[in-house]
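See below for the structure under consideration.
In our numbering, the protein residues as written are 77 to 344.
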């Protein structure tokens, strides 16, 4: 969510189409399995410098570029936001979730919740889900408690799920230790779900947090566009717009002519 306005360098082109020139690693695309590119929100203002027309175009980075390896599945709609931190779900006292295995949740973004009791949930995952299970598949006679959980965790990761929620009761009184070890081995966050918390309540909480995040993103984009339009109407519009861009991106903004000559700049 915080990377919506993070493009580090901008170009203001006089008398020609505006282009953006990213500088450094911050301009690199982020790859996520299962999500097609989200069209980047854009905005532009018209002004002039010395009587010459100028177009100032602002393009924000896409939220979820897809992985080119994802050719085996049909295209799916882009998620409505960049996801919500798993840590935000863990902080919900009404859910009482507890992480018992896997990496730090701060960097884990959840794009949805899905429930499955299948031994292999991969065909039904889009990527980015918190996968919820009561461990019914582990109650099958053919399921080996040692190798079965390891293979299951590997399939969950391969399917693109970012975390696994295991419901305690009625199938299991506790989270199986072999599953805890398997999730640690595969770097999969494992969350214990209390008996009194329905999976539907967790799914609702995910969508509530995503809706809040989406609202915040739209508000930030709207405020940025209004600030740029206001800056373009001031005396010295190019300098004013550059300052706004640099301030809101925390980076560097430069105005150049169509032939590449730098006119003005702002920011670090």
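Backbone N, C-alpha and C fix where the C-beta goes; we use that ideal spot for every residue, glycine too.
For residue i: DSSP bridge partner residues
| i | result |
| --- | --- |
| residue 174 | 268 |
| residue 248 | DSSP, once it has assigned bridges, lists no residue as partnering residue 248. |
| residue 59 | Here the chain has residues from 77 to 344 only, and residue 59 is not among them. |
| residue 185 | 161 |
Contacts around residue i, its chain only, beta-carbon distance under 8 Å, and the 5 residues preceding and following it disregarded
| i | result |
| --- | --- |
| residue 166 | 173, 174, 175, 181 and 267 |
| residue 229 | 240, 255, 258, 259, 261, 262 and 264 |
| residue 225 | 214, 252, 254, 255, 257 and 258 |
N- and C-terminal bounds of the alpha helix (DSSP H) containing residue i
| i | result |
| --- | --- |
| residue 223 | 223 to 234 |
| residue 254 | 253 to 262 |
| residue 282 | 275 to 308 |
| residue 330 | Unbroken run through residue 330 is the beta strand (DSSP E), 328 to 333; no alpha helix (DSSP H). |
| residue 163 | 162 to 166 |
Anticipated Cβ contact below 8 Å, residue i with residue j, distance rounded
| i | j | result |
| --- | --- | --- |
| residue 320 | residue 303 | 5 Å |
| residue 318 | residue 300 | Not confirmed; about 14 Å, so no contact. |
| residue 186 | residue 204 | 7 Å |
| residue 238 | residue 206 | 7 Å |
Cβ-based burial, residue i [other Cβ within 10 Å; buried from 16]
| i | result |
| --- | --- |
| residue 199 | exposed |
| residue 337 | exposed |
| residue 295 | exposed |
| residue 335 | exposed |
| residue 313 | buried |
| residue 291 | exposed |
| residue 243 | buried |
| residue 293 | buried |
| residue 236 | buried |
| residue 197 | buried |
| residue 101 | Confidence in residue 101 is poor, its pLDDT being 38 and thus under 50, which makes the residue's placement unreliable; the coordinate value appears in the next sentence. Exposed, because fewer than 16 other Cβ atoms sit within 10 Å of the Cβ of residue 101. |
| residue 178 | buried |
| residue 325 | buried |
Chain-order list of residues whose beta-carbon lies under 7 Å from that of residue i (same chain, five-residue window excluded)
| i | result |
| --- | --- |
| residue 281 | 165, 168 and 171 |
| residue 195 | 213 and 228 |
| residue 248 | 211 |
| residue 193 | 209, 210, 212 and 213 |
| residue 245 | 271 |
| residue 189 | 205, 206, 208, 278, 279 and 282 |
| residue 343 | 322, 327, 328 and 329 |
| residue 273 | 171 and 172 |
Closer than 8 Å: residue i CB and nearest the ligand COA heavy atom
| i | result |
| --- | --- |
| residue 189 | Looking for the ligand COA in the displayed structure turns up nothing, as the structure carries no ligands at all. |
First through last residue of the beta strand (DSSP E) which encompasses residue i
| i | result |
| --- | --- |
| residue 214 | First-last for residue 214: undefined, no H or E at that position. |
| residue 189 | 188 to 191 |
| residue 321 | Counting along the chain, residue 321 falls outside any beta strand (DSSP E), though it belongs to the alpha helix (DSSP H) covering 313 to 325. |
| residue 341 | 338 to 343 |
Beta-carbon contacts of residue i that lie in its chain and below 6 Å, excluding the five residues immediately before and after
| i | result |
| --- | --- |
| residue 339 | 331 |
| residue 191 | 208 and 275 |
| residue 315 | 340 |
| residue 307 | 316, 317 and 320 |
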